[in-house]
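Participant:
Residue numbers (our numbering), protein chains in the order written: chain A, 242 to 503; chain B, 59 to 332; chain C, -1 to 259.
(1) In terms of residue numbering, what span does the beta strand (DSSP E) encompassing residue 298 of chain A cover?
(2) Starting from residue 143 of chain C, trace the alpha helix (DSSP H) both ways and give me its first and last residue.
(3) Classify residue 68 of chain C as helix, strand or coil using the three-state DSSP reduction.
(4) If you draw a straight line from the C-alpha of residue 76 of chain B to the C-alpha of residue 202 of chain B, how long is it?
(5) Kindly list the residues whose CB is nearer than 8 Å to the CB of residue 91 of chain C, restricted to its own chain and excluding five residues on each side of it in sequence; keep chain order.
(6) What does residue 261 of chain B reach in chain A if we use C-beta pairs closer than 7 Å?
(7) Just mark residue 108 of chain C as buried or exposed, buried being the case when its beta carbon has 16 or more other beta carbons within 10 Å.
(8) With distances taken Cα to Cα, identify the nearest neighbour of residue 182 of chain B among A/481, A/317, A/387 and A/351.
(9) Measure the alpha-carbon distance for residue 87 of chain C versus residue 204 of chain C and round it to whole angstroms.
(10) Give every residue of the same chain whose Cβ lies closer than 8 Å to the Cβ of residue 140 of chain C, excluding the five residues on either side of it in the sequence, and list them in chain order.
(11) Counting only runs that start and end within the stretch 285 to 344 of chain A, where is the beta strand (DSSP E) found for 3 or more residues in a row?
(12) Please confirm whether residue 297 of chain A has its beta-carbon closer than 8 Å to some beta-carbon of chain B.
(13) Which residues, in order along the stretch 412 to 432 of chain A, keep a beta-carbon less than 7 Å from a beta-carbon of chain C?
(14) Interface residues of chain A around residue 89 of chain C at Cβ under 7 Å?
(15) Under 8 Å, Cβ to Cβ, is there at least one residue of chain C near residue 71 of chain B?
(16) For residue 108 of chain C, decide whether its Cβ has a neighbour in chain A, counting only Cβ atoms nearer than 8 Å.
(17) So which residues on chain B does residue 21 of chain C lean against when the C-beta distance must stay under 8 Å?
(18) Please decide whether residue 140 of chain C counts as near chain B, where near means a Cβ-Cβ distance under 8 Å.
(19) At 4 residues or longer, what runs of the alpha helix (DSSP H) sit wholly inside the stretch 151 to 222 of chain B?
(20) Select from B/226, B/268, B/194 and B/177 the residue whose C-alpha is nearest the C-alpha of residue 142 of chain B.
(21) Could you check the C-alpha separation between residue 137 of chain C and residue 418 of chain A for me, to the nearest Å?
(22) Does residue 127 of chain C come within less than 8 Å of chain B when only Cβ atoms are used?
(23) According to the neighbour-count rule (16 or more other Cβ atoms, all chains shown, within 10 Å of its Cβ), is residue 429 of chain A buried or exposed?
(24) To the nearest angstrom, report how far apart residue 48 of chain C and residue 194 of chain C are at their CA atoms.
(25) Across the stretch 189 to 203 of chain B and the stretch 274 to 288 of chain B, are there enough close Cβ pairs to call them in contact, namely three or more that are closer than 8 Å?
(26) Mind pulling the chain B residues with CB within less than 9 Å of residue 158 of chain C?
(27) With a threshold of 8 Å between beta-carbons, can residue 67 of chain B be considered close to chain C, or not?
(28) Which stretch, first to last residue, makes up the alpha helix (DSSP H) that contains residue 124 of chain C?
(29) Exposed or buried, what is residue 114 of chain B when buried is set at 16 or more other beta-carbons lying within 10 Å of its beta-carbon?
(30) If we define contact as Cβ-Cβ less than 8 Å, is residue 119 of chain C a contact residue for chain A?
(31) Taking a contact to mean a Cβ-Cβ separation below 8 Å, would you say residue 251 of chain B touches residue 225 of chain B in this structure?
(32) So, for residue 493 of chain A: in the same chain, excluding its five sequence neighbours on each side, which residues have a beta-carbon less than 7 Å away from its beta-carbon?
(33) Is residue 176 of chain C near residue 157 of chain C, with beta carbons less than 8 Å apart?
(34) For residue 172 of chain B and residue 221 of chain B, I'd like the C-alpha separation in whole angstroms.
(35) Mind reading off the beta-carbon distance from residue 366 of chain A to residue 387 of chain A? Whole number of angstroms is fine, and I expect it under 8 Å.
(36) Kindly provide the ranges of any alpha helix (DSSP H) runs that are 4 or more residues long and lie completely inside the stretch 268 to 302 of chain B, ordered along the chain.
This is the structure:
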């Protein structure tokens, strides 16, 4: 191909691509009835308002103990759902991975189940689970649990096939039983990756738990919603601040752990 | 030779830092999980009855789904509104994120600038999207405007991190060669940085689109963003119609699986061209 | 009775590909046999049929008088404990220490619970330490395997096989990923194991010169069929050409240089 023709084709391809994106964006603006001008103006106005009104005032600080109590509830729910889901996720991944599946027939159902679990959004899970668990902590716990289970299964299937195929073959050759192969070679090889993903899911799930809390009336999300609807913006801003500190703290700890074990 | 074999018990697993950290992490997670489960806010819910109820409800959602308040056309339009929200916030997020990321990449900007940009972005990212949306809703009211701005904010912070890491992985040699030939900073960016990271940027942007589709559902359900999320919220909390919720669930599930499939394909092609 | 008898073994993948085509030979206890052939000739498949990592399509394999294709469950595991295996890519658990990887060789002797918990007796641990010492790895005992060089990793692989107290070792391209000096150490170690411990060796090799130098018997395979079976001295250029096909040119040249030198 001539160099001129090559560059021309590249240009045309890029032009078509960006035109398509532009068209889709315009279509989306019409469809969602988003007012671009109003939206752009809103950003500086919101921050101007926020600097004055969305800061913790004295009354807000008196509510700190209650905020911390609810924050603890949310963080614990994120940790519990992520950890329990990881144990089940590892089990499902062992059935789904090519290296460790007990029979080829297990693979597809395990992977499909995981795909369904993670592709239903956490808010949708919460809306479905509200029918059985109502406004209780269980709704949030299971909503986070199902999504995490699907996600962990997917990443662990990949990890198992990536890091343990060779050693599994070697252990089979020594005459080791299936249980011994899993516990002595697959799990030690995958454990650091698994822990890293669990920590990642805890970080994500704290944010998701806040959202679910608004739907189910639990945890820090509920508290934010409550202050917010009562125009108590000082307390609401303190909730945001506390959440940010918690998330950043957990991120820092997770990164330190990852650096040591990976 | 016999003498060199220790007569005491032989340690098999070495006590190195990594092993100790793994054990401490596992122990901590176990304790916190147990404590979290014991102290969960149960609110008089009879767990085993509710669990059985849940399984029965899953059966209803799976096998008895049907529409009632909405027509199939309504369903399609509402789904498209949610997709539109996801697309809009991804595009609006990607453009500023690209420029911020140039100042967050250590091989393109001075350390002090990158640290500042990264710190601000880490803060923005730590705030859950729903709180951003509600924050903006105070000035513009609940609706599409607040949802788009709030979701865009979170998208920017996510994409800046992803793009900056992509830039930092670039081949230092190519950048040096351009600098040596006298190219200025913007020329380096558009002649070396953009072409060699374009496919990775595309892939990350698509991943964010996938995330934003889910977030758009959630914002419809919790923060008045409209679209299928709002209909699901109504079906769940107002009409108490599990069967209609089932159809909505199928709709978002199928679309999400298509998006995930697309993202995986895109990643594979990007990996192949690298 | 021979230690290993292979009778008319064929292995078919799908309906078309015939990886092994009526292979038949027998190996006496204590022999050092090298199996040579081009890549994709079926060497790896053949070794894996012997310890049943792969099931044969037809034919019979008898090890120590026991018919291997019919073995199941506990009997199959007992069969595998008697045969050690060494791999081209070492197949160690890289994150675990050397001693942990070596002890994996004892798992075949454990019941389910002992195996899952990884309970080893003090005697087994001592045996593992002793074998590591004879292979010159006592310094590395508590190192993680990903910190070792390729030659050291392969010696860990050999130690794991020896701790099984096997009657035979199957070595699948043991030096294909190693530099020449490490390769020599590994091949010398294997010969030593064969001569001092009397363990039967079946070694897949790509390199003819190494096979000729170490083995006392050569089996040449091409496209799943045995082309040559005899002592290294009797192997001539024409037969090498038959075994290696178009790849043979370079190999024969190499050999001439070697013998000239």
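Positions of the beta carbon are idealized from the N, C-alpha and C atoms, including for glycine.
Only a predicted model underlies this, so the values are computations on that prediction, with no experimental measurement involved.
Facilitator: So, to answer that:
(1) Unbroken run through residue 298 of chain A: none, as it is neither H nor E.
(2) From DSSP, residue 143 of chain C is part of no alpha helix (DSSP H); its letter is neither H nor E.
(3) coil
(4) Cα-Cα distance, rounded: 48 Å.
(5) 98, 99, 102 and 143
(6) In chain order: nothing, as chain A lies at least about 14 Å away.
(7) Classification for residue 108 of chain C: buried.
(8) A/481
(9) Each residue's alpha carbon lies about 15 Å from the other.
(10) Closer than 8 Å at Cβ, skipping near neighbours: 95, 96 and 97.
(11) none
(12) No, residue 297 of chain A does not count as interfacial toward chain B.
(13) Within the stretch 412 to 432 of chain A, contact with chain C at the beta-carbon level (separation under 7 Å) is assigned to 412, 413, 414, 415, 416, 417, 418, 420, 421, 424, 425, 426, 429 and 430.
(14) 407, 408, 410 and 411
(15) yes
(16) Closer than 8 Å: yes.
(17) Within chain B, no residue comes near residue 21 of chain C; the closest Cβ sits about 39 Å away, beyond 8 Å.
(18) yes
(19) List check, alpha helix (DSSP H) in window: 169 to 184 and 187 to 198.
(20) B/268
(21) 30 Å
(22) yes
(23) Buried is the call here.
(24) Between residue 48 of chain C and residue 194 of chain C, the C-alpha separation is close to 24 Å.
(25) yes
(26) Chain B residues near residue 158 of chain C: none, gap ~14 Å exceeds 9 Å.
(27) Closer than 8 Å: yes.
(28) 120 to 132
(29) exposed
(30) no
(31) yes
(32) none
(33) no
(34) 13 Å
(35) In this structure residue 366 of chain A touches residue 387 of chain A by the C-beta definition: roughly 5 Å separates them, less than 8 Å.
(36) Here the runs fully enclosed are 286 to 291.
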